[in-house]
Amino acid sequence: MAKTKGDKDRADRGGVLDRSPSHLLHRVLQLALDIYVEESGTGGVTQRQFAVLAAVAENEGVTQTGLVRATGIDRSTLADMVARMISKGHLERHRSDLDARANTVSLTEAGAAVLEESRPKVAMADARILALLKPGKRAGFLELLAEMAASDVHAAEPEAKAKKLKAAKVPKAEKAAKKDKKPKKEKAAKKAA
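Read in order, the letters of the sequence shown correspond to residues 247 to 439 in the numbering used here.
Structure follows, in structure tokens:
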């Protein structure tokens, strides 16, 4: 059967980007954030702010380190966000009773109100995102996302670093062995002469 222009267009769409998990996840994130903004409005809390409010509500008195783990937001970004949310009156920061070096975070009444006002909007955004999938795929999709989100990409780093160190040491050992061999070869050449 002869290939048509439509077949070529479909083949072009099956390129590198269509097989790149990082690219596809980025595209899906853009789509999800656009839907979130449409549902929450321009004056609403951002998706990340909602995540912080929800994490604090679920873990009252959580440390900022605990918030990093719960939300996946990097430490410096989270510290800035918490500071801004404190200045807006949504959060309060206190010294930890357990560790004087740590701060705990809790919701204010205003923060709890913002969270409750946001919940239905976030639920609608989530429903719209899941509606992009066939009903039978939604639960599996959420399970895969949760599994990926819970993965520790840095867990393999010590092992990878050890392999790199070992690989780096091999050439040095080989160089040392070659140096040891040169004098023997030179001695053998001198004896033969």
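The beta carbon of each residue, even a glycine, is placed where N, CA and C say it ideally should be.
Here the alpha carbon of Arg273 sits roughly 20 Å from the alpha carbon of Ala297. Beta-carbon to beta-carbon, Val368 and Val302 are separated by about 15 Å, too far to satisfy the 8 Å threshold. Under the three-state reduction of DSSP, Arg347 is assigned to coil, being neither helix nor strand. For Ile281 and Ala371, the gap between their C-alpha atoms comes out near 6 Å. Sorting Ser333, Gln295, Pro381 by C-alpha distance to the C-alpha of Thr323 places Gln295 at the top. In the structure shown, the three-state DSSP call for Val399 is coil.
Shown here, Thr354 sits in coil according to DSSP, grouped into three states, outside any helix or strand. Taking 3 residues as the shortest admissible run, the region 283 to 352 contains the following complete beta strand (DSSP E) segments, listed from N- to C-terminal end: 337 to 341. A direct Cα-Cα distance of roughly 14 Å separates Leu379 from Leu390. Contact between Leu361 and Ala300 holds, since their C-beta atoms are separated by about 7 Å, short of 8 Å. Pairing Gly318 with Ala395 gives a Cβ-Cβ distance under 8 Å.
In the structure shown, Gly386 adopts helical secondary structure according to DSSP, grouped into three states. For Leu313, the number of other beta carbons within 10 angstroms of its own is at least 16, and it is reported as buried.
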